[in-house]
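As C-alpha cells, the structure follows; a few thoughts come after it.
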Amino acid sequence: MTAKRNPFEYEQATKLTPAEVRNYYIEDFNYARFVSSRRNVFLVGERGTGKTMTFLYYSMPTQVAKATESQKTPDLSLISVYVPCNNPLTHRREYELLDPLNASLVSEHFMVISIMREALAAVYSVPNIINDDEETALRTEIEYALSLTLPKGIGLQRAFDLALDKSSVNVQDLLNRDEDDIRISLFSFNSGIRALLACLRQVSQLRDSHFSFMIDDAQLYNLYQIRALNSWIAYRDNALFSFKVARTRADDTPLHTSSGGSILEGHDFTQIDMEQPYQKGTSAFWKLAKRIVQSRLDAINANATPSDFFPENPTFTEALRVAASKAKAEARAKYPNGTSKQIADYIYKYTRAIYFRERSARANLPPYSGFTLLAHLSTGVIRNLLNPCYYMYDRHLSNLQDKNHALVSHIPPSTQTEVILELSKEKWEWVQNDMVNRIEGCSGELAKSVYQLLDNLAILFRKRLLSKISEPRAVEFTISGLDDTKHATLLEVLQIARKAQLVYTYRSSAKDQGKRETYYMPNRMLWPERGLDPEGQHARVSLTADNLQKAALNNIEITFTGDKTDEPDLFTPAH
Amino acid sequence: MNQTSSLRHTDVIITVASWEERFLMGTKRLIDTVRPSRLLMFYYKEYAEWSKDYREQLASFCNDANVTLKPPVPLSFGSPLDSWKALVEYSKKSIVSKEPITLDITTMPREAMWTICYVLGQMQAPLQYVYHKPQRNGYGDWLSRDPGQPRILYRLAGIQHLGRETALVVQTGYDVERVKQLVRYYEPEKVLLGLQTGDQFDNVRQNREKYKSAFNTHRNVEILDVDGYELDGIQDAFVKSTEPLLEHHNVILSSLGPKIGGLALFRVKQRLPDVALSYAPSNEFNQVYSSGIGDCIHGVLANDAET
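The following block contains the structure:
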C-alpha cells in the first residue's frame with residue numbers, strides 16, 4: 005500500500021490521463037448503453053455529475069487503450085469523437101456584431117472545423133487503421149471534397165490539422181480587424197463534416213463505422229451554433245452519425261433548429277438526467293458509489309472495501325443497535341399481530357429517528373462516519389462523494405508521523421467526523437458569505453433568501469426528526485399551491501440554489517396516480533452542521549409555496565404541527 | 020508619477036461617471052491641470068441614480084471652466100453589445116485621428132477601458148492615462164458582488180488555435196472567489212496568478228495568503244509577483260510569463276486587481292496579439308466602496324501598435 009498519492013483527487017475529467025479515465029470510470033452506468041448507441045442523446049446535469057468522464061471513457065483513445073490492454077482489437081463499428089466546447093474559440097462573441105447570415109455562417113464554421121479536427125484525431129488514435137496507400141487516396145479525397153490544400157511532406161493528420169487551423173485563423177483575423185463581411189470560404193455541416201465522413205468511409209476498416217460526436221459543454225455554444233447542432237440532430241438517418249450532447253441543467257435546452265423547426269425528445273433525441281436521486285441503500289447510485297470508491301482504493305492497492313476503508317464509528321453502530329431494539333419493541337407493541345413486513349418497515353423508519361431523538365440535548369453533534377453515510381452525503385453527485393474522501397485521506401495522512409512510508413488501511417471514524425463537520429460548516433458559511441461572489445446572477449438579496457430558505461428547512465427537518473411523527477427523517481420536499489406569478493421570487497431563489505448545487509431536483513410520481521411532480525432535495529452536506537440525519541428516508545414533505553416564500557424572503561419559520569400540516573408522504577421512487 | 024503637475028495638456032478627457040467621491044474630485048482636478056476643451060463622459064444606466072448628483076455637479080463645473088461637455092452617453096453592464104457600439108461609435112465620432120487624449124481610468128470598468136483603448140489604438144491617438152487613488156484607508160469592505168458570466172471582449176479575442184489547451188492569466192485582486200469563478204468558467208489547463216507584492220492595505224494577509232490557500236490543491240497553478248501600481252513593471256512581468264505559454268496554449272488574460280494593472284494587461288495584449296482579453300463582470304457594487312481622493316498615478320501610452 006502506498007499513501008503518497010491521494011486516490012480521491014477529483015480534478016476536471018479533462019485533466020485525467022486516458023489511463024486514469026480507464027481506471028476510474030465505472031462502465032455500467034445505467035445510461036452507458038445510450039452513450040454507446042447510434043441514437044442522438046442529451047446528457048443533462050450540473051457540474052460534477054460525470055458527463056465529461058462518460059464521454060472521455062467512450063472516446064476512441066480510451067477505448068483503444070482499453071482494447072490494447074485486454075489484447076483485443078478495438079471495435080470500429082462505433083467511432084466516438086470527443087468534442088470539447090470550452091475553449092476560447094467558442095467564447096468569441098464577434099458574431100453578435102455581424103449580420104445574421106454572416107453570424108450564422110461564421111459560427112457554424114468554427115464549430116464544424118473543431119469537430120472535423122477531433123473526428124480525424126479519433127480515427128488516428130486507432131493504430132494502423134489506415135495503410136500508406138489508403139492515406140494517399142484519403143489525402144486526395146479530402147483535398148478534393150473539402151476544397152482544402154493540404155501541406156505536402158507531412159502526415160495526413162498533421163496536414164489536416166494545419167489546414168483547418170489556418171482556415172480558423174483566417175476568419176479570426178478578419179473578425180479582429182473589423183471586417184464583418186466575410187468573403188472567404190466557410191465550412192458548413194454538409195461541406196465539412198458530411199464530406200469528411202464520406203471520405204473516411206472509403207477507408208476499408210471504416211466502411212461500416214458509425215460516428216458518434218460527443219459534444220461536451222454544449223451550453224457554451226452560441227445561439228446560431230445550437231440551432232445548427234439541432235438541425236443536424238434533426239437528420240432522420242442515423243446510420244452514419246449521431247450526436248451525444250452534454251449540457252448543464254441550469255440552462256434550459258433550446259430546441260430550435262436553423263430552419264425555424266424544433267427537435268423533440270423521444271422523437272429526435274433521448275434525454276438522460278445525470279443527477280440521480282439517492283433513494284435507498286440498494287439504489288443504482290449507491291452501487292455506483294461503491295464501485296467508484298472501490299476503483300480508487302484499488303488504484304492504491306488498499307486491499308479494502310469502501311466500508312472497510314471508511315468504517316462507521318463503533319459507538320454509533322452500537323447506539324443504532326440499541327435504537328433498533330427499541331424500535332422493534334415499539335413495533336411489536338403497536339402491531340401485536342403485525343406481519344414481519346410491518347415490523348421491518350417500522351424498524352427502518354424509526355431506528356435512526358430514535359437514535360437522534362434520544363441523544364442528550366447537551367451532546368456533541370453525532371459521530372458522522374461510515375461509507376454509507378458518505379454516499380448519502382453526496383446527494384447523488386459523484387464529485388460530492390469524492391470531495392470529503394479526498395480531505396479525509398489528506399487529513400489522515402497529515403496526522404501520521406511517518407508520511408513517506410505511511411500505510412493507509414482505513415480512515416479512522418474520528419477523522420471522518422471531523423472532516424464531515426468542517427465541510428458542513430464551510431458549506432453554510434459559503435452560502436452566507438461567498439455564494440454572492442461565486443454564482444452568476446446571485447445578488448446579495450438572493451443569497452440571503454437562499455440562506456434563509458435552507459436555514460428554515462433545517463429548522464423544520466430538525467423538529468420533524470425529534471418528533472414522534474410518521475416520517476421523521478424526511479429531508480426532501482415538494483411544493484404545493486405553486487403559482488408561477490405569485491411565487492416568482494421563490495422560483496428565482498430555488499433556481500439560484502440549484503445553480504449553486506445547494507438544491508437538486510428530480511421528477512417523480514406524485515400521490516395522484518399518473519401525475520409527476522418536482523422533488524427538491526437540498527444538498528445533504530448541509531445537514532451534519534445542524535445535527536440532522538443525512539441518510540433521510542424514502543419520504544418527502546409537501547410544503548406550501550406560500551410558506552416557503554415567506555421562509556426565503558422574510559425568514560419566517562415553516563409551520564410545523566406534526567403530521568397534520570405538512571403532509572409527510574411515502575413516495576414511490578420513479579427510477 | 021504621482022504629481023498632477025506633470026500631466027500634459029490634451030484637448031480631450033474621457034471618463035466614466037461614478038458615485039465615488041474621487042470621480043468628481045479627480046475629474047475637477049484633471050480639468051484644472053490638463054485644461055481640455057472637451058470632456059467625453061459615459062455612465063452606466065444601472066447606476067444612473069447613484070452617479071446623477073456628481074454628473075450634474077461636473078456639468079456645472081465644466082460650464083464654469085468653459086469645457087464642452089456633450090450629453091453623457093449611457094452604457095449598460097447588461098447589454099455589452101450596445102455598450103461596445105456606443106463606446107466605439109461615440110469615440111470615433113468625437114475624436115480626431117492621432118489626437119492626444121487623457122483617459123481617466125479611476126472609475127472606468129475594465130471592459131469600457133479596454134474598448135476605448137482599442138478604439139484609440141485604431142485611431143493611433145497618443146494616450147495619457149490617469150488614476151486617482153482614494154484617500155488613505157479610504158477603501159470600503161467590498162467592491163462588488165454577484166458575478167456575471169465572464170466574457171471575452173469583442174475584437175480582442177486574439178487568435179485561438181485548434182486543439183490547444185487553455186491557459187488563464189489573471190491579475191488578481193482581493194476577491195479570491197471571483198478568480199475561482201474565472202477558473203471554473205474557463206476550465207484552464209494552466210493558471211498563472213499575478214499577485215500584488217508589498218504589504219499595503221494589509222495585502223499579505225488579505226491577498227497572498229488567501230490565494231495560496233485557495234489554490235494549493237490545484238494542479239498547474241503558478242504565482243507571479245507583480246507591483247499593481249507600476250504599469251511598465253506589471254506589463255513586463257506579464258509579457259515575460261505569458262509569452263512562453265503561447266507556444267502550446269490558447270491564452271486568456273483577465274484583470275481583477277488594481278486598475279493600472281488592467282491597463283498594463285491591455286499593453287500585454289498589444290505586445291502579444293494572440294491572447295484574448297476577458298472581462299469578469301459584477302452585477303452589484305458597493306455604494307461606499309471608497310472615500311476621498313489620494314495620489315494621482317499617471318503616464319503615457321504611445322499607442323504605437325495597433326491591435
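Chains A and B, in that order, give the protein sequences.
Under my numbering, the residues of the first sequence are numbered 5 to 579, in order.
Under my numbering, the residues of the second sequence are numbered 20 to 326, in order.
We treat Cβ as the ideally placed atom computed from N, Cα and C, and that holds for glycine.
Can you tell which of the options has the C-alpha that lies nearest to the C-alpha of residue i?
i, options, result
"valine 423(A)", "Thr53(A), Arg399(A), Thr343(A)", "Arg399(A)"
"alanine 167(A)", "Asn180(A), Ile146(A), Arg187(A), Leu179(A)", "Ile146(A)"
"serine 216(A)", "Ser546(A), Asn226(A), Leu201(A)", "Leu201(A)"
"valine 83(A)", "Met218(A), Pro370(A), His113(A)", "Note that residue 83(A) is isoleucine in the sequence shown, not valine. The candidate whose alpha carbon is nearest that of isoleucine 83(A) is Met218(A)."
"alanine 84(B)", "Leu94(B), Ser116(B), Phe61(B), Arg57(B)", "Arg57(B)"
"asparagine 226(A)", "Ser195(A), Pro258(A), Arg43(A), Ala331(A)", "Pro258(A)"
"proline 310(A)", "Pro318(A), Arg300(A), Asn317(A)", "Arg300(A)"
"asparagine 391(A)", "Tyr29(A), Tyr28(A), Gly52(A)", "Gly52(A)"
"alanine 328(A)", "Asn307(A), Tyr350(A), Leu458(A)", "Tyr350(A)"
"valine 207(A)", "Asp136(A), Ser373(A), Met525(A)", "Asp136(A)"
"leucine 494(A)", "Ile463(A), Arg511(A), Asn460(A), Gln553(A)", "Gln553(A)"
"glutamate 3(A)", "Lys70(A), Asp487(A), Gly342(A), Val48(A)", "Any property of residue 3(A) remains undetermined from this structure, which presents chain A solely from 5 to 579."
"cysteine 89(A)", "Gly182(B), Glu75(B), Thr52(B)", "Gly182(B)"
Between the alpha carbons of residue i and residue j, how many angstroms are there, rounded?
i, j, result
"tyrosine 239(A)", "glutamine 16(A)", "33 Å"
"glutamine 283(A)", "arginine 528(A)", "Only weak support is given to the placement of glutamine 283(A): the predicted model assigns it a pLDDT of 46, under 50, and the question is left unresolved by the model."
"arginine 544(A)", "lysine 338(A)", "24 Å"
"proline 145(B)", "glutamate 98(A)", "27 Å"
"threonine 121(B)", "proline 91(B)", "17 Å"
"arginine 37(A)", "tryptophan 290(A)", "19 Å"
"tyrosine 173(B)", "alanine 478(A)", "50 Å"
"aspartate 314(B)", "cysteine 136(B)", "23 Å"
"leucine 204(A)", "lysine 431(A)", "51 Å"
"glutamate 521(A)", "alanine 555(A)", "21 Å"
"arginine 170(B)", "serine 81(A)", "40 Å"
"glycine 285(A)", "arginine 211(A)", "At glycine 285(A), the pLDDT of 48 sits below 50, so the modelled position is not reliable; the number obtained from the coordinates is stated separately. Each residue's alpha carbon lies about 46 Å from the other."
"serine 118(A)", "proline 153(B)", "48 Å"
"leucine 447(A)", "valine 440(A)", "Residue identity differs from the one stated: residue 447(A) is serine in this sequence, not leucine. For serine 447(A) and valine 440(A), the distance between alpha carbons rounds to 6 Å."
"leucine 43(B)", "isoleucine 124(B)", "13 Å"
"leucine 500(A)", "leucine 450(A)", "One detail in the question is off: residue 500(A) reads as isoleucine in this sequence, not leucine. If you take the alpha carbons of isoleucine 500(A) and leucine 450(A), they lie about 8 Å apart."
"serine 37(B)", "arginine 181(A)", "32 Å"
"alanine 243(A)", "serine 41(A)", "11 Å"
"methionine 5(A)", "tyrosine 394(A)", "Confidence in methionine 5(A) is poor, its pLDDT being 38 and thus under 50, which makes the residue's placement unreliable; the coordinate value appears in the next sentence. Cα to Cα, methionine 5(A) sits roughly 17 Å from tyrosine 394(A)."
"lysine 47(B)", "glycine 281(B)", "24 Å"
"phenylalanine 61(B)", "serine 95(B)", "10 Å"
"glycine 177(B)", "glutamine 176(A)", "8 Å"
"leucine 324(A)", "serine 382(A)", "22 Å"
Report the neighbours of residue i on chain B: residues whose CB is nearer than 9 Å to its CB, in chain order.
i, result
"glutamine 176(A)", "Ala176, Gly177, Ile178, Gln179"
"arginine 121(A)", "Leu181, Gly182"
Identify the residues that DSSP records as bridge partners of residue i: which are they?
i, result
"alanine 250(A)", "Leu47(A)"
"aspartate 220(A)", "Pro88(A)"
"serine 273(B)", "Val189(B), Ser297(B)"
"arginine 534(A)", "The partner list for arginine 534(A) (beta bridge, DSSP) is empty, contrary to what the question assumes."
Strictly below 8 Å CB to CB, what residues from chain B border residue i?
i, result
"leucine 168(A)", "Leu181"
"serine 118(A)", "Leu181"
Measuring CB to CB, does residue i end up less than 8 Å from residue j?
i, j, result
"tyrosine 150(B)", "isoleucine 279(B)", "yes"
"leucine 212(B)", "threonine 185(B)", "no"
"valine 294(B)", "leucine 272(B)", "yes"
"leucine 214(B)", "arginine 227(B)", "yes"
"serine 246(A)", "arginine 43(A)", "yes"
"threonine 548(A)", "glycine 485(A)", "yes"
"glycine 196(A)", "valine 127(A)", "no"
Identify the contact partners of residue i in chain B, using a Cβ-Cβ distance below 7 Å as the criterion.
i, result
"serine 189(A)", "Going along chain B, no residue has its Cβ under 7 Å from serine 189(A), so there is no contact; the nearest lies around 17 Å."
"arginine 96(A)", "Ile171, Ala176"
"aspartate 165(A)", "Leu181, Gly182"
Cβ closer than 9 Å: which chain A residues qualify as neighbours of residue i?
i, result
"proline 166(B)", "Val440, Asn441, Arg442, Ile443, Glu444, Gly445, Cys446"
"leucine 100(B)", "Arg97, Glu100, Leu101"
"asparagine 226(B)", "The contacting residues do not exist; asparagine 226(B) stays about 15 Å from chain A at best."
I want to verify the contact list: residues of chain A whose CB lies under 7 Å from the CB of residue i, in sequence order.
i, result
"arginine 197(B)", "Asn441"
"alanine 295(B)", "Pro92"
"glutamine 143(B)", "Within chain A, no residue comes near glutamine 143(B); the closest Cβ sits about 15 Å away, beyond 7 Å."
Please find out if some non-hydrogen atom of the ligand MN comes closer than 7 Å to the beta-carbon of residue i.
i, result
"lysine 452(A)", "Questions concerning the ligand MN fall outside what the structure shown contains, since it holds no ligand whatsoever."
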